[in-house]
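Asks: If you scroll down you'll find the structure; I have some questions about it.
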Amino acid sequence: IPESFSINISSKSSFLIIPPDILPEPRSCFKPIQTCPPNTDNQLANLCSNFTAYRFANNGKIYKNKYCAKCNQMDDELLFNNMPGKIVINLTLSLLFSQIFFLASMFWSKNENTEKPIQIFNSSKEVLKSIELILPCFLSGVFIHYFYLAFFLWSNIMAFDLYQMFAQSTMFLRIYKSSKLVIKYFVYGWVSPVVLIMIMLVKNNKKVSYGQNSCFISS
């Protein structure tokens with residue numbers, strides 16, 4: 001309150017403070033499970049109580065750490081098979097395969113004469129015949145393009161999921177909805193690159209789109 005602002009309220013006064021409409025609803029807090037059953041091994045119980053590294057299960061339960069989940073008979077699949085974990089796995093796979101095909105393309109580029117001018121063909125049959133001559137390099141370029149696009153889109157999914165995590169009113173609601181989002185995420189992350197590549201191939205149907213100048217996009 002500013003120094004120049006003062007309120008005089010008598011002991012018998014009553015008033016109602018109405019919050020602004022723009023304020024969001026408060027988050028609901030769920031108490032994590034942070035103890036083990038009485039018959040638990042002492043070492044496991046101590047690990048459960050020693051540190052905090054929350055684990056969220058798909059059924060909505062929250063555990064203080066993985067040892068608290070273990071001593072409470074939580075299935076590892078329910079504990080780790082959540083939406084953030086799936087996103088990280090797919091992001092890692094897309095980056096891994098993009099690097100594998102990138103290294104392979106360097107090998108094929110050295111062993112094939114790919115330094116050729118861009119050619120415009122009269123028909124799709126001529127394009128296919130040209131692709132047959134540089135098929136390994138062509139496929140390498142396609143897969144590099146595909147997995148780099150997938151990596152970009154899965155990075156986009158991760159950013160969106162982080163936004164959703166902080167925007168939702170409760171963590172339980174986010175975990176509950178994750179099973180419904182996984183199919184949409186998979187379509188966006190893995191199918192969208194195929195659509196983009198097909199559009200490029202159709203648009204450039206009179207020339208070789210991959211592998212002509214290098215084992216990547218030709219132009």
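Position one of the sequence shown corresponds to residue 1 (full-length UniProt numbering), numbered consecutively onward.
C-beta atoms are modelled at their ideal positions from N, C-alpha and C, and glycine is treated no differently.
None of these values were measured; they are calculated from a predicted model.
(1) Counting pairs of Cβ atoms below 8 angstroms between the stretch 160-168 and the stretch 132-142, do you hit three or more?
(2) Whose CA, out of K31, F216, N204, Y146, lies closest to the CA of S192?
(3) Closer than 6 angstroms by C-beta to C215: which residues in its own chain qualify, once you throw out the five before and the five after it? Chain order, please.
(4) Which term fits L128, buried or exposed, when burial requires 16 or more other beta carbons within 10 angstroms of its beta carbon?
(5) Here's the rule: buried if 16 or more other CB atoms are within 10 angstroms of the residue's CB, otherwise exposed. What is F151?
(6) Quick one: what does DSSP say I62 is sitting in, helix, strand or coil?
(7) Contact defined as beta carbons within less than 8 angstroms: I believe F143 pairs with F101. What is the distance between those atoms, to the nearest angstrom?
(8) Contact between the stretch 46-62 and the stretch 92-101 is defined here as three or more beta-carbon pairs at a separation below 8 angstroms; is this criterion met?
(9) Is V191 close to chain B, meaning its C-beta is less than 8 angstroms from at least one C-beta of that chain?
(10) When burial is assigned at 16 or more other CB atoms within 10 Å of the CB, is residue 242 buried or exposed?
(11) Please list, in chain order, all residues of the same chain as G211 whose beta carbon is under 6 angstroms from its beta carbon, the five residues on each side excluded.
(12) How many Å lie between S94 and V88 at the Cα?
(13) Mind checking who F138 pairs with in its DSSP beta bridge?
(14) By alpha-carbon positions, which one of N42, Q43, A45, M74 ends up nearest to F56?
(15) Considering only residues of the same chain and omitting the five flanking positions on each side of F51, which have a CB-CB separation below 7 angstroms?
(16) What residues in its chain sit with their C-beta under 6 angstroms from that of A53, if we drop five residues either side in the sequence?
Replies: So, to answer that:
(1) no
(2) Y146
(3) S105, W108, S109, C137, S140, G141
(4) exposed
(5) buried
(6) strand
(7) 4 angstroms
(8) no
(9) Considering every chain present, this structure includes no chain B. It has just one protein chain.
(10) A query on residue 242 cannot be resolved here, the shown segment of the chain reaching from 1 to 219 and no further.
(11) I134, C137, F138, G141
(12) 10 angstroms
(13) F138 is not bridged to any residue.
(14) M74
(15) N65
(16) N65
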